[in-house]
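Following: one structure in structure tokens, then a few remarks.
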Amino acid sequence: VGATAGTDYDAIIVGAGFSGLYELHRLRDELGLSVKVIEKADDVGGTWYWNRYPGARCDSESHIYCYSFNEDILQNWEWSERYPEQPEVLEYLRFAADELDLRRNIEFETEVTSAAFDEDSGTWRISTDDGETVSSQFFVTAVGCLSEPYIPDFEGIESFEGFWTHTGKWPHEPVDFEGKRVAVIGTGATGIQVIPEVAKSDPEHLTVFQRTPNYAVPARNRPLDDDDWELIQSNYDEILQRAHDSGFGFPFEVGQETAADMTMEEVEEALEPRWQEGGFRFLLAFEDLLVNEETNEKVSEFLRGKIRETVDDPELAEKLAPKDHYYATKRPPLHTDYYETYNRDNVSLVDVTENPIERITPDGVQTADGHHDFDMIIYATGFDAMTGTLLQMDIEGRDGLTLEEKWEDGPQTYLGLTLHGFPNMFTITGPQSPSVLSNMPVSIEHHVEWVSDTIEHLVDNDIQLIEPTKAAEEAWTTHNRQVAESTLYTTVDSWYMNENIPDKPTVFTPYPGGVDLYHDTILEVAEKGYEGFELTESVQQLGR
Ligand code: NA7
Numbered sequence: 010v011g012a013t014a015g016t017d018y019d020a021i022i023v024g025a026g027f028s029g030l031y032e033l034h035r036l037r038d039e040l041g042l043s044v045k046v047i048e049k050a051d052d053v054g055g056t057w058y059w060n061r062y063p064g065a066r067c068d069s070e071s072h073i074y075c076y077s078f079n080e081d082i083l084q085n086w087e088w089s090e091r092y093p094e095q096p097e098v099l100e101y102l103r104f105a106a107d108e109l110d111l112r113r114n115i116e117f118e119t120e121v122t123s124a125a126f127d128e129d130s131g132t133w134r135i136s137t138d139d140g141e142t143v144s145s146q147f148f149v150t151a152v153g154c155l156s157e158p159y160i161p162d163f164e165g166i167e168s169f170e171g172f173w174t175h176t177g178k179w180p181h182e183p184v185d186f187e188g189k190r191v192a193v194i195g196t197g198a199t200g201i202q203v204i205p206e207v208a209k210s211d212p213e214h215l216t217v218f219q220r221t222p223n224y225a226v227p228a229r230n231r232p233l234d235d236d237d238w239e240l241i242q243s244n245y246d247e248i249l250q251r252a253h254d255s256g257f258g259f260p261f262e263v264g265q266e267t268a269a270d271m272t273m274e275e276v277e278e279a280l281e282p283r284w285q286e287g288g289f290r291f292l293l294a295f296e297d298l299l300v301n302e303e304t305n306e307k308v309s310e311f312l313r314g315k316i317r318e319t320v321d322d323p324e325l326a327e328k329l330a331p332k333d334h335y336y337a338t339k340r341p342p343l344h345t346d347y348y349e350t351y352n353r354d355n356v357s358l359v360d361v362t363e364n365p366i367e368r369i370t371p372d373g374v375q376t377a378d379g380h381h382d383f384d385m386i387i388y389a390t391g392f393d394a395m396t397g398t399l400l401q402m403d404i405e406g407r408d409g410l411t412l413e414e415k416w417e418d419g420p421q422t423y424l425g426l427t428l429h430g431f432p433n434m435f436t437i438t439g440p441q442s443p444s445v446l447s448n449m450p451v452s453i454e455h456h457v458e459w460v461s462d463t464i465e466h467l468v469d470n471d472i473q474l475i476e477p478t479k480a481a482e483e484a485w486t487t488h489n490r491q492v493a494e495s496t497l498y499t500t501v502d503s504w505y506m507n508e509n510i511p512d513k514p515t516v517f518t519p520y521p522g523g524v525d526l527y528h529d530t531i532l533e534v535a536e537k538g539y540e541g542f543e544l545t546e547s548v549q550q551l552g553r
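Under UniProt numbering, the letters of the sequence shown match residues 10 to 553, in that order.
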């Protein structure tokens, strides 16, 4: 029985990925609350359950893409490669779920169809697709940031007679590309991972449809051996602490302040070692990369140079080299042999800005210049990011206000974690939190710990409701906009800007001020007795 007399649970959590699993552990095992997790899939894993496409791999290095809160989990798990492949991350989350005995509180294969705040009782009612409705005092969404796959509304998609799928809905059975004519649409982080894997699986031909070329840095993946592990384990706490105290959730050293005054030779000297090392260290070569056009242009030019060096056909290299946006203003991908793939005879590129896709036909893709025959079409076209899944859930707060209405002009939150008008609702990795601009598990731990501590504070002090004030929410939203406008992020159309989905309002969605600053802010809010929040002991007090 819930803390609030009569509720079925103290807390309902939606999602059993990295966030939901940890939130369940904290609320159940540390606070002793009754908790239920509702999960759409038939297993834990979240993102790593769904994204099973060939080449799906985490861009964070494995030893920092993990939980840091549990010594047993840390010490008893050894990653096999520098960057973990999807099956290994999924296995890790299964292992963590079993270690912490979490499965017994998770209802799998169940989807939330609506969630509504009941003002009279001050509780949440959550309905699911099996026809059940349950009540709880706290409602926690742990639904991920990239969990609502998006396929553009091409005419004729359903008419295609071959195999087709979105990368985020990849089938569980192996897919065989041998001898097949394959199309991949999209060259984001996902396209860049799947394209080389398809190309080397002996297709008759692979055609990539590109709208915006991307800057990708080599991952330089490799197996981790005992020596690597010894080094990591001997230093693990410090590495993780550094990651948690950093701007992006990575333990890497930031290089120099700026490249603005450097010659291109000096820039190359600074970048080349990081390029050779691979991964997101490259991103941290210059502190002002995302706020200074001159620095960014030099880094971008370095990357264009690498593309030109790698791709044999100069005309193709130019098509693959981005000219119209700055590096890392769209999510910067890592790659393994992506540009090299275009040197294969059986791979070609269609630039849809020159030659637009007109429609999908039963046997391929009709573009402006003719018909391309395919046996398979892979949509690597991204996600309705950050808000898509939340908006799908039909969430209703006080006074009948729906989340859809509230966010009509873009997301508004307080701290990316709470919403005015939606008492006792918490959004782990929500919009206006740093989430997607960070190594996710670091942000996830910050959010889960803050939400758990907040709930503990409420329970210990017999407070029934917490809700941010409108003023606090407006101030946070304004702060987000102002910080975003001081960066280069707002100079390009991207899913950070909500621009990838037609009809969504254009607004920068994650919190751009850095994980460290954000974490300090949320802790300070709590220390100041939940500044910006209204705390209500009991709904009777409200007199509504
Ligand atoms: P992204 O990064 O949103 O990439 C989607 C790609 O699909 C991108 O290249 C888009 O081009 C392209 N796209 C989208 N719509 C179209 C249409 N209508 N025609 C042609 N091409 C299109 O999604 P990902 O799955 O790659 O990555 C998402 C995140 O997952 C990633 O950042 C990691 O955090 C993990 P555009 O650039 O919009 O011109």
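For glycine and all other residues, C-beta sits at the position ideal for the given N, C-alpha and C.
Pull up the distance between the alpha-carbon of I387 and that of A151, whole angstroms please.
28 Å
What would DSSP say about M402, mapped onto helix, strand or coil?
coil
For residue 1 versus P443, is the C-beta spacing smaller than 8 Å?
There is no way to answer for residue 1, as the model of the chain reaches only from 10 to 553.
How long is the line joining the alpha carbons of G409 and E170, rounded to whole angstroms?
44 Å
For N433 and G29, the rounded distance between their alpha carbons:
16 Å
Excluding the 5 residues flanking F261 on each side, which residues of the same chain have their C-beta closer than 6 Å to its C-beta?
R290 and L293
Specify the secondary structure class of V10 as computed by DSSP and reduced to three states.
Unreliable positioning characterises V10 in this predicted model, as indicated by a pLDDT of 43, which lies under 50. The coordinate reading is nonetheless provided below. Note: V10 maps to coil in three-state DSSP.
Measure the C-alpha to C-alpha separation of G288 and Y224 and round it to an integer number of angstroms.
13 Å
Can you grab the Cα-Cα spacing for the pair Q491 / N507, in whole Å?
17 Å
In whole angstroms, what separates the C-alpha of S136 from that of I437?
20 Å
CB H485 to CB I531, shorter than 8 Å?
A small fix is needed here, since residue 485 is Trp in this sequence, not His. Taking 8 Å as the Cβ cut-off, W485 and I531 do not qualify as a contacting pair.
N- and C-terminal bounds of the beta strand (DSSP E) containing I194
R190 to I194
Is it buried or exposed for S547, if we count other Cβ within 10 angstroms and need 16 for buried?
exposed
Is it the case that the stretch 390 to 403 contacts the stretch 61 to 73, given that we only count it when at least three CB pairs across the two stretches are under 8 Å?
no
By the 10 Å Cβ neighbour count, where 16 or more other Cβ atoms means buried, how is Q421 classified, buried or exposed?
buried
Taking D403 as the reference, give the member of S123, G256 and P511 with the closest Cα.
S123
Residue range of the alpha helix (DSSP H) that M449 falls in?
M449 to D469
Following the continuous beta strand (DSSP E) through P477, name the residue where it begins and the one where it ends.
L474 to P477
N- and C-terminal bounds of the beta strand (DSSP E) containing W173:
F172 to H175
Kindly indicate which three-state DSSP category R553 falls into: helix, strand or coil?
Confidence at R553 is low in this model, with a pLDDT of 46, below 50, so its placement is unreliable and the value that follows should be read with caution. It is coil, neither helix nor strand.
Whose C-beta lies closer than 8 Å to the C-beta of N60 among residues of the same chain, with five residues either side of it excluded?
Q95, T176, G177, W179 and T199
Answer yes or no: the CB of I386 versus the heavy atoms of the ligand NA7, is any distance below 7 Å?
no
Does the Cβ of A377 have 16 or more other Cβ atoms within 10 Å, making it buried, or fewer, making it exposed?
exposed
Using alpha carbons as the reference points, say which of L412, E213 and D462 lies closest to L428.
L412
Taking just the CA atoms, how far does G15 sit from E482?
31 Å
Three-state secondary structure (DSSP) of M273:
helix
Any non-hydrogen atom of the ligand NA7 within 7 Å of residue 585 CB:
The question about residue 585 has no answer, for the chain in this structure spans 10 to 553.
Please determine if the stretch 235 to 255 and the stretch 298 to 314 are in contact, where contact requires at least 3 C-beta pairs separated by less than 8 Å.
no
For the alpha helix (DSSP H) containing I248, name the first residue and the last one.
Y245 to H253
Just how far apart, CA to CA, sit L312 and D139?
51 Å
Throw me the rounded Cβ distance for the G397 and E157 pair, which I believe falls under 8 Å.
3 Å
Cβ shell of L155 (< 6 Å), same chain only, five flanking positions each side left out
F392 and A394
Using 8 Å as the Cβ pair cut-off and three pairs as the minimum, do the stretch 68 to 83 and the stretch 37 to 48 touch?
no
Taking just the CA atoms, how far does V468 sit from A389?
44 Å
Let me confirm a value: M449 is counted as buried when at least 16 other C-beta atoms fall within 10 Å, else exposed. Which label applies?
buried
Reducing DSSP to helix, strand and coil, say where G397 ends up.
helix
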